[in-house]
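Student: The numbers in the numbering used here rise by one with no breaks, and the one at position 56 of the sequence shown is 73. My questions all concern the structure below.
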Amino acid sequence: MHNYRRMKIEDSLKHCEFNRVLVTQDKTSILSHELIGFEDMLEDSTMLPIQKEQAKKIIDASLQLQRLLNEQLVSRAMNFCEISIENKSFLISTLVKRFYDRIYKAAINRGLSIFIYVDPDLPALLGDERLLGQALDILGYNALRLTKQGSVSISVQLLNNQNGYVQLGLEVKDTGTGMPMYRQNELWAFLATVDVTKISKDNTINLDLFICAHLVKLLQGELEFESKFGKGSQFLIKLWLKRV
């Protein structure tokens, strides 16, 4: 009994530390996009050439520091591969609604529309709602950050139903910038192996996907994506869960 309680405490501490990694990484992603935005603004500004050069040096140094921090976060995230799964009853509709409530105000402030849909035929499920919710948070907030106009959609479909188990498809779709083909190829190679060495040091989205892919792997699911450069992206989590 003593060993069991110690294992539960250690696992809870891992979850707490993992949440801190997610929060820190989210902040660094926001910083990176803001810095890149400032760099774009410099090109259109009326600053003197020497002022632009000095400002760009500051931005470059800040981005380098942010990349170094991302590398540290990747190393820390690698320590959470053995987090145990907590199989409890939950409603996927409740999970999605909670995410919608968190993201709604930020989306409206940016002039974006948010759409959610949950298949009414999905029953109560047995699984780790916390880890699945964290994966949804990563994909949803990435979509919000990278979409300047249009919409972000979250949908959950019943894909299959057999022998007391259901396969759900949780999709996050946006009308953001999308990814060029070379970046898509990098991501496919990375997702195929979930290998930390595949992470591009200059792309914070890959760090998000590294963490999200590990979460989905822990849940014994699959993470897929499609993207069209200039039109948007969609990410799909496929997962088998037991019916309650």
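For each residue, glycine too, the CB sits at the ideal point set by N, CA and C.
(1) Looking at the structure shown, is L253 part of a helix, part of a strand, or coil, going by DSSP?
(2) Given a threshold of 16 other Cβ atoms within 10 Å of its Cβ, counted over all protein chains shown, does K190 qualify as buried or as exposed?
(3) According to DSSP, which residues form a beta bridge with R147?
(4) Report yes if the CB atom of T164 is closer than 7 angstroms to the CB atom of G186, and no otherwise.
(5) Is it a yes or a no for the segment 232-242 touching the segment 146-166, going by three-plus beta-carbon pairs under 8 angstroms?
(6) Take every Cβ of the segment 167-175, pair it with every Cβ of the segment 121-135, and state whether three or more of those distances are shorter than 8 angstroms.
(7) Using a Cβ-Cβ cut-off of 7 angstroms (strictly less than) and excluding sequence neighbours within five positions of I109, which residues of its own chain qualify?
(8) I need the DSSP call for S168, collapsed to helix, strand or coil.
(9) Going along the chain, which residues of its own chain have a beta-carbon closer than 7 angstroms to the beta-carbon of G238, five neighbours each way excluded?
(10) How long is the line joining the alpha carbons of D225 and R119, rounded to whole angstroms?
(11) Could you spell out where the alpha helix (DSSP H) holding V183 opens and where it closes?
(12) If you compare alpha carbons, which of L240, Y199, K245 and G181 is closest to A209?
(13) Report the rounded CA-to-CA distance for K105 versus L112, giving the unit in angstroms.
(14) Straight-line CA distance for Y182 to R260?
(15) Can you tell me which of the three DSSP states L258 falls into?
(16) Which value, in whole angstroms, describes the spacing of the CA atoms of R147 and G249?
(17) I think F242 touches L204, with their Cβ atoms under 8 angstroms apart; what is that distance to the nearest whole Å?
(18) Would you check if the distance between the CB atom of G144 and the CB atom of L258 is smaller than 7 angstroms?
(19) Quick check on DSSP: helix, strand or coil for K245?
(20) Look at the alpha carbon of L175 and the alpha carbon of R115, and state the distance between them as a whole number of angstroms.
Tutor: For this structure:
(1) L253 falls in the strand class under three-state DSSP.
(2) Looking at its Cβ environment, which holds 16 or more other Cβ atoms inside 10 Å, K190 is buried.
(3) Partner(s): none; R147 has no beta bridge.
(4) In this structure, the beta-carbon distance from T164 to G186 does not fall below 7 angstroms.
(5) yes
(6) yes
(7) V135, L139, L142, V173 and L185
(8) strand
(9) I254, K255 and L256
(10) 19 angstroms
(11) Premise fails: V183 lies in the beta strand (DSSP E), Y182 to D191, not in any alpha helix (DSSP H).
(12) L240
(13) 13 angstroms
(14) Roughly 5 angstroms separates the two Cα atoms.
(15) If DSSP states are grouped into helix, strand and coil, L258 belongs with the strands.
(16) 27 angstroms
(17) Correct: roughly 7 angstroms between the Cβ atoms.
(18) yes
(19) In the structure shown, K245 sits in a strand (DSSP, three-state: E or B).
(20) 20 angstroms
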